[in-house]
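>
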Amino acid sequence: SKLTRQPGSAIKPILVYAPAIEYNLIAPATQILDEKTDFEGYSPSNFDDKYYGYVDARFSLAKSLNVPAVKIFNSVGIDKAKLFARRCGIRFSPEDNNLGLALGGFTHGLSIDELAASYVPLSRGGFYKKPRLIKKIIDSRGKVVYEDTENPVQVMREDTAYLVSHMLKDSITCGTASKLGSLPYPLHSKTGTVGSSSHNTDAFNITYSSRHTFAVWMGSKNLDLNVTGGSYPTIMVRDIIKSCYGNDCPPEIPMPQSVVECELDSENLKQNHTLKLATELTPEKFIKKELFSVH
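Structure representation (structure tokens):
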């Protein structure tokens with residue numbers, strides 16, 4: 003049997019943000035109030051108990067904020083979010099029916115290959131295929147004894163995959179995966195950490211390009227608190243990618259026609275926390291560009 007562990011925040015792109023975009027509940031620019039919140043007795047905390055007030059979904063994912071993730075997950079609905087994640091290969095226990103799932107609080111957890119495979123649709127236009135170790139077996143006479151002929155299945159819209167990927171760039175530029183910032187390749191990353199106030203137990207980094215998905219897990223009953231997804235797992239992923247690509251840079255994930263860039267009024271965002279298009283009268287310093295689905 004495969005080793006399964008709680009995925010922590012590494013599950014957020016697949017269980018929280020992708021379904022919320024797929025079901026047209028949020029865009030990367032959607033404003034969410036990040037403050038200590040009680041969800042009928044469940045009161046999640048952000049890392050270091052730090053809260054930012056109104057933030058957009060993009061920032062919330064990059065910084066891996068917990069309260070906005072639970073709010074979004076609650077809006078999608080536990081059953082709908084799980085149905086979406088199941089299509090991406092995520093398995094749940096019958097007991098997995100609470101809001102803590104948004105933060106990776108699974109009863110039995112996931113294997114590292116399940117978790118990594120669930121990210122593949124984000125770089126493949128929304129198509130999922132169960133990973134296989136063997137593509138083909140040919141015998142000594144040249145006869146094909148086995149071939150993996152399973153076709154990829156579309157599990158999310160292409161614009162959903164692209165928008166989540168675009169948001170996961172920010173994990174590297176200004177978020178929890180900043181240790182990848184020195185690499186010259188177009189990458190998308192998410193970290194995850196599981197633990198308590200005294201020690202951690204699991205640390206993840208999942209990073210992908212248009213060509214490959216890389217996943218590193220570190221775990222122990224008693225990891226030091228400085229071992230987080232953004233520390234050693236991210237450093238290891240960085241070194242693996244560097245040796246894998248060298249001077250060969252993978253191409254960007256192409257932006258689909260179902261995604262459009264709009265100019266927003268950033269002053270309205272700040273004052274009213276709503277999305278409003280800039281007009282020709284909007285001063286340039288108050289124009290903020292952001293991506294949206296068109297379908």
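To get the working numbering, take the position in the sequence shown, counting from 1, and add 2.
Backbone N, C-alpha and C fix where the C-beta goes; we use that ideal spot for every residue, glycine too.
Just grab the DSSP bridge partners of residue 155 for me.
130
> Decide if residue 273 is buried, meaning its Cβ has at least 16 other Cβ atoms within 10 Å, or exposed.
exposed
> Look up residue 206 in the DSSP assignment and say whether it is helix, strand or coil.
strand
> Roughly how many angstroms separate the alpha carbons of residue 236 and residue 190, rounded to a whole number?
12 Å
> Output the distance between the C-alpha atoms of residue 26 and residue 121, rounded to the nearest integer angstrom.
20 Å
> Taking just the CA atoms, how far does residue 85 sit from residue 198?
29 Å
> Write down every uninterrupted run of the beta strand (DSSP E) in the region 23–75 whose length is 3 residues or greater and which is fully enclosed by it, in chain order.
33–36, 55–58
> Could you give the first and the last residue of the continuous beta strand (DSSP E) run that contains residue 217?
215–225
> Would you say residue 49 reaches chain B, if we count a Cβ-Cβ gap shorter than 8 Å as a contact?
The question asks about chain B, but that chain is absent: this structure has only one protein chain.
> On the three-state DSSP scale, how would you describe residue 268?
helix
> Which same chain residues end up closer than 6 Å to residue 119 when comparing Cβ atoms and leaving out the 5 residues on each side of it in sequence?
91, 133
> Whole-angstrom Cβ separation of residue 211 and residue 260, contact assumed at under 8 Å?
Contact flag wrong, Cβ pair sits at about 21 Å.
> Counting only the same chain and skipping the five closest in sequence on each side, list residues whose C-beta sits under 8 Å from that of residue 146.
138, 139, 140
> Among all the DSSP beta bridges, which residues are the ones paired with residue 195?
205
> List the whole-angstrom C-beta distance separating residue 177 from residue 64, where the pair is believed to meet the contact cut-off of C-beta under 8 Å.
3 Å
> What's the gap between the Cα of residue 75 and the Cα of residue 167?
18 Å
> Does DSSP classify residue 136 as helix, strand or coil?
coil
> Which of the three DSSP states, helix, strand or coil, is assigned to residue 110?
Here DSSP, grouped into helix, strand and coil, assigns residue 110 to coil.
> For residue 28, tell me which candidate among 41, 54, 165, 103 has the shortest Cα-Cα distance.
165
> Can you find the residues in the same chain that come closer than 7 Å, C-beta to C-beta, to residue 130, ignoring five residues on each side of it along the sequence?
89, 90, 91, 122, 123, 154, 155, 157
> Where residue 31 and residue 217 are concerned, what is the direct C-alpha to C-alpha distance, given to the nearest angstrom?
Cα to Cα, the separation comes out at about 28 Å.
> Can you tell me which of the three DSSP states residue 290 falls into?
Strand at residue 290.
> Would you grab the beta carbon distance between residue 36 and residue 5 for me? Rounded to a whole angstrom, and I think it's under 8 Å.
Actually they are not in contact, since the Cβ atoms of residue 36 and residue 5 sit about 33 Å apart, beyond 8 Å.
> What are the boundary residues of the alpha helix (DSSP H) that includes residue 164?
160–176
> Using the beta-carbon count (16 or more within 10 Å), is residue 229 buried or exposed?
Per the 10 Å Cβ criterion, buried.
> So is residue 60 buried or exposed if we call it buried at 16+ other beta carbons inside 10 Å?
Taking all protein chains in view, the Cβ of residue 60 is crowded by 16 or more other Cβ atoms within 10 Å, so the residue is classified as buried.
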